[in-house]
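Trainee:
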Amino acid sequence: MSFALMRGFLPLSRIAQPSLINSYFLNAPSMKTMLPVTSGTAIQPTFSSQLQHPKAGMAVLTGTDHWKMERVVAIAMLAIIPGSFVWDGPFMNYLLAASLAIHSHWGLDTVILDYCPRAALPLANMIRYALTAIAFAGLCYFNYNDMGLTKALKKLWALH
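Residue numbering for the sequence shown follows full-length UniProt numbering, beginning at 1 and increasing consecutively.
1) Check this for me: beta carbons of residue 81 and residue 96, under 8 Å apart or not?
2) Would you mind sorting residue 149 into buried or exposed? The rule is 16 or more other CB atoms within 10 Å of its CB.
3) Report the rounded CA-to-CA distance for residue 157 versus residue 120, giving the unit in angstroms.
4) Residue 103 to residue 153, Cα distance in whole Å?
5) Applying the 10 Å Cβ sphere with the 16-neighbour rule, what's the burial state of residue 118?
6) Among residues of its own chain, excluding the 5 on either side of residue 128, which ones have a beta-carbon nearer than 8 Å to its beta-carbon?
7) Which stretch, first to last residue, makes up the alpha helix (DSSP H) that contains residue 87?
8) DSSP three-state call for residue 147: helix, strand or coil?
9) Are residue 136 and residue 101 closer than 8 Å when you measure CB to CB?
10) For residue 144, which option in 123, 71, 91, 133 has the closest C-alpha, if you only look at C-alpha atoms?
11) Applying the 10 Å Cβ sphere with the 16-neighbour rule, what's the burial state of residue 159?
12) Taking buried to mean at least 16 other C-beta atoms within 10 Å of its own C-beta, is residue 139 buried or exposed?
Okay, here's the thing in structure tokens:
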């Protein structure tokens with residue numbers, strides 16, 4: 001007896017026909033592929049040729065564009081954070097503040113979408129925008145009126 005069967009897992013070939021599994025998983029779902037369900041009904045994916053967005057006519061990002069932009073900011077932060085310690089100055093402090101604020105804003109968006117009930121989404125989004133604005137304003141205030149983020153972190157790490 002195999003480990004998979006001892007743990008209660010069924011082989012995928014016992015659930016659906018193997019030829020359909022291969023065509024479904026190797027080629028993405030399309031109008032030509034159908035995956036039969038064990039009850040006898042068939043699932044036919046449908047794809048619209050034109051995406052309808054609720055804010056039609058406005059400049060909005062698609063999901064993939066937003067995802068790419070999140071990745072660019074996250075990768076840029078890999079250079080911004082150490083760069084702000086090497087070139088300690090106002091420009092790098094404000095760049096660090098902006099990247100931290102937008103990165104946390106997008107992170108809160110994911111947390112809200114995962115854990116917030118649908119009825120509370122508008123209020124949660126207003127709170128998220130308010131928290132982002134307050135955090136960015138506080139970081140900018142600290143950069144302008146005090147020593148700046150990087151000097152503060154250097155002094156904090158020197159306390160060990």
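Cβ coordinates follow ideal geometry from the N, Cα and C atoms, glycine included.
Mentor: Looking at the atomic coordinates:
1) yes
2) buried
3) 40 Å
4) 19 Å
5) exposed
6) 105, 108, 109, 112
7) Taken as a continuous stretch (DSSP letters only), residue 87 belongs to no alpha helix (DSSP H), as it is neither H nor E.
8) coil
9) yes
10) 91
11) exposed
12) buried
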